[in-house]
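K.L.:
Below is the structure I would like to discuss, written out as structure tokens.
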Amino acid sequence: MKKEKRVSVTFYLKPVSRNKDNPRRSVYITIAFKGQVAKTSTGIFCEDQKQWSRGMFVGKGVDEQNRELLGIRYEIESYDSSMFRDAEQIKNVWNGAEHTNYPNTILEALEYGFEEKGKATKSGTMKMRRTAINNFEKFKIEKNYPNFGVVKGHPQQINELIITSYYDWLLKNGTMKSTANSYINGLKTLYSKYYKKHHSVIDNLLNNPFNDIIQKDKKTLIVAHALSRTVDWKWVEEIEKLKILDPNKEKLRLVTLLLAYSGLSFIDLGKSDVLEITETLDGPIIIGQRVKTGKPYIIPVTSDLKRIINKLNGRIPWKSFVDSEGNYNIPEREFYANRFRQFLYWLTKEIGCDVKLSAHRFRHAYGMRAVNHYRLPIDIVARMLGDTEQTIRENYCDLVTTTVMSMYNEAMSLFDQKKNPSKGGKRDAIGNK
């Protein structure tokens with residue numbers, strides 16, 4: 020027969036101030052359940068430590084205090100233990116929080132959001148969010164914080180100050196600002212998912228505690244982080260030169276170049292018609308709809324891109340895992356993605372690249388090259404990549420200094436020629452003739 024898990028209650032004294040000369044002590048409860056403990060104040064005080072022994076008051080005139088302590092012990096130990104997950108939850112109920120069958124603490128809320136978002140979100144994003152939750156739990160334990168509540172009537176409510184402390188804790192522990200920002204944004208998304216289903220029981224004063232936590236320079240950090248994810252075009256040229264005898268690796272080398280010359284996301288390579296070329300009056304193009312955003316893209320087929328597609332015989336070297344509606348098979352997608360990641364890890368070492376290659380780095384490289392090398396307008400690049408202009412501007416193709424100065428000098432030379440056709444002449448780096 021399985022032994023029933025019981026709730027155990029004991030009492031101890033805790034100083035009410037840091038002043039060692041102050042003899043007054045507060046009586047605290049220790050609740051033990053399932054190998055865990057939770058502690059909280061009873062609201063009862065002991066004026067003289069000589070009146071305390073082995074977890075109870077002793078001496079004359081303390082009968083009333085002992086009756087209160089016994090009443091507390093009886094109440095808590097009489098709870099139906101099958102209704103509780105841990106000692107923390109028992110403490111919260113004793114403190115007045117309504118015991119419900121829905122998540123009512125911050126960690127429960129985040130776990131709920133994680134489970135819901137995991138049904139339709141790519142694994143890389145969910146891995147980051149899992150790390151954010153784990154780090155928040157480590158932060159809570161290290162700071163000896165309770166599992167803060169999120170519903171009406173909970174005695175220990177979460178607030179933005181706690182999340183700000185978590186953000187600062189991440190930075191002090193060596194987390195990069197861009198990564199810390201990603202953690203906060205990830206938890207904000209998970210909490211929003213929880214809020215949509217449980218808003219009726221959440222305290223009206225409690226907004227999403229992860230709002231407005233990221234520092235004011237977040238846009239600068241986002242751009243810096245995005246630019247750090249690109250790969251210099253010289254490495255694409257190195258991949259072009261590479262001679263591979265293994266036919267399977269050679270196909271994956273061609274897929275790598277395909278990403279660089281098209282700007283496609285890896286998941287879009289799971290569509291059966293992704294390499295279908297459409298002939299137009301202005302030239303060949305590849306048209307489709309991005310799986311991630313649902314936005315249409317138009318990719319001009321350059322001679323390099325056409326050469327790669329021809330070498331691949333017009334097909335990707337794996338089975339399609341995205342249907343016509345944009346839905347995809349997650350296990351199959353992960354299988355091929357892992358296979359490709361392993362190849363890129365090998366390729367990174369093979370060409371001596373100074374950054375770890377990934378499929379998405381080539382999309383960034385495509386956007387950067389389109390703006391800085393070919394000087395295409397950002398709205399055109401956005402249309403080619405199937406994204407918004409703001410996303411492209413912030414995440415893919417921030418103008419480098421040389422491009423800005425070169426375009427400025429060209430514009431000024433053109434202006435001079437129109438103003439004084441007989442003189443003409445080029446300007447230097449600061450616009451002087």
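So for the sequence shown, the working numbering puts the first residue at 20; every next one is plus one.
Where is the CB? At the ideal position from N, CA and C, for every residue including glycine.
Note that the coordinates shown come from a computational prediction; the quantities given were computed from them, not determined experimentally.
Which first and last residues belong to the beta strand (DSSP E) in which THR61 is found?
P.N.:
55-65
K.L.:
Which residues does DSSP list as the beta-bridge partners of LYS437?
P.N.:
None, per the DSSP bridge assignment.
K.L.:
List in chain order: all unbroken beta strand (DSSP E) runs of 3+ residues lying wholly within the region 250-329.
P.N.:
297-299, 302-308 and 315-319
K.L.:
As a quick exercise: from PHE155, ARG37 and ALA57, pick the residue whose alpha carbon is nearest that of THR29.
P.N.:
ALA57
K.L.:
Check this for me: beta carbons of MET403 and ILE306, under 8 Å apart or not?
P.N.:
no
K.L.:
Do three or more CB pairs link the region 371-379 to the region 272-292 at distances below 8 Å?
P.N.:
yes
K.L.:
Rank TYR31, LYS314 and ILE203 by C-alpha distance to the C-alpha of ALA401 and give the top, closest one.
P.N.:
LYS314
K.L.:
Near LYS235, which residues of its chain fall below 8 Å by C-beta distance, leaving aside the five closest residues on each side in sequence?
P.N.:
Legend: pLDDT at LYS235 = 44, less than 50; position of this residue unreliable, value from coordinates given subsequently. Cβ within range, chain order: n/a, list empty.
K.L.:
Who are the near neighbours of GLN70 in its chain, counting only those whose CB is closer than 7 Å to its CB and skipping five residues on each side?
P.N.:
PHE76, VAL77, GLY78 and VAL81
K.L.:
Using CA atoms only, rank isn't needed, just tell me which of SER322, GLU259, HIS218 and SER201 is closest to ILE232.
P.N.:
SER201
K.L.:
Can you tell me where the alpha helix (DSSP H) holding LEU331 begins and where it ends?
P.N.:
First-last for LEU331: undefined, no H or E at that position.
K.L.:
Nearest to SER339 by CA position, among ARG388, PRO303, LEU288 and GLN308, is which residue?
P.N.:
LEU288
K.L.:
Three or more C-beta pairs closer than 8 Å, one from the region 251-258 and one from the region 199-218: is that the case here?
P.N.:
no
K.L.:
Under 8 Å between the Cβ atoms of LEU125 and ILE50?
P.N.:
The sequence as given places Ile at residue 125; Leu does not occur at that position. Not in contact: ILE125 and ILE50 (Cβ atoms no closer than 8 Å).
K.L.:
Please say whether TYR393 and ILE327 have beta carbons closer to each other than 8 Å?
P.N.:
no
K.L.:
Considering only their Cβ atoms, is the gap separating LYS270 from LEU363 smaller than 8 Å?
P.N.:
no
K.L.:
Which ranges does the alpha helix (DSSP H) cover as unbroken runs of at least 4 residues, wholly within the region 71-110, from first to last along the chain?
P.N.:
List check, alpha helix (DSSP H) in window: 82-96.
K.L.:
According to the neighbour-count rule (16 or more other Cβ atoms, all chains shown, within 10 Å of its Cβ), is ASN153 buried or exposed?
P.N.:
exposed
K.L.:
Mark ASN123 as exposed unless 16 or more other C-beta atoms lie within 10 angstroms of its C-beta, in which case mark it buried.
P.N.:
buried
K.L.:
Based on the DSSP secondary-structure assignment, which residues constitute the bridge partners of GLY132?
P.N.:
DSSP, once it has assigned bridges, lists no residue as partnering GLY132.
K.L.:
At the level of alpha carbons, what is the spacing between GLU134 and ALA384?
P.N.:
34 Å
K.L.:
Name the two residues that bound the continuous beta strand (DSSP E) containing TYR210.
P.N.:
Per DSSP, TYR210 belongs to no beta strand (DSSP E); it is in the alpha helix (DSSP H), 196-217.
K.L.:
Roughly how far, in whole angstroms, is the beta-carbon of ILE286 from the beta-carbon of VAL341, given that I think they are within contact range, below 8 Å?
P.N.:
7 Å
K.L.:
When you compare the CB positions of TYR355 and VAL310, do they come within less than 8 Å of one another, or not?
P.N.:
no
K.L.:
Just tell me which of LYS215, PRO34, ARG380 and SER27 has its CA closest to the CA of GLU94.
P.N.:
SER27
K.L.:
Between CYS372 and LYS268, what straight-line distance do the alpha-carbon atoms span, to the nearest angstrom?
P.N.:
17 Å
K.L.:
Helix, strand or coil: which one does DSSP assign to SER465?
P.N.:
Because the chain in this structure spans residues 20 to 452, residue 465 falls outside the shown range and cannot be described.
K.L.:
Taking the beta carbon of GLY193 as the centre, do at least 16 other beta carbons fall within 10 Å, making it buried, or is it exposed?
P.N.:
exposed
K.L.:
Considering only C-alpha positions, which residue in the set ASP265, THR321, LEU32 and ASN38 is nearest to ASP67?
P.N.:
LEU32
K.L.:
Can you tell me whether GLY90 is buried or exposed, with buried defined as 16 or more other CB within 10 angstroms of its CB?
P.N.:
exposed
K.L.:
Looking at ILE109: is its Cβ nearer than 8 Å to the Cβ of GLN84?
P.N.:
no
K.L.:
Only counting the same chain, and skipping five residues up and downstream in sequence, which positions put a Cβ closer than 7 Å to that of ASP40?
P.N.:
none
K.L.:
Would you mind working out which of GLU351, ARG92 and TYR98 sits nearest ILE48, comparing C-alpha positions?
P.N.:
ARG92
K.L.:
I need the straight-line Cα distance from PHE155 to ARG358, nearest angstrom please.
P.N.:
32 Å
K.L.:
Looking only at DSSP bridge pairs, what is GLN175 linked to?
P.N.:
Paired residues: none, contrary to the question.
K.L.:
Label ASN230 either buried or exposed according to how many other C-beta atoms from any shown protein chain fall within 10 Å of its C-beta, with 16 as the threshold for buried.
P.N.:
exposed
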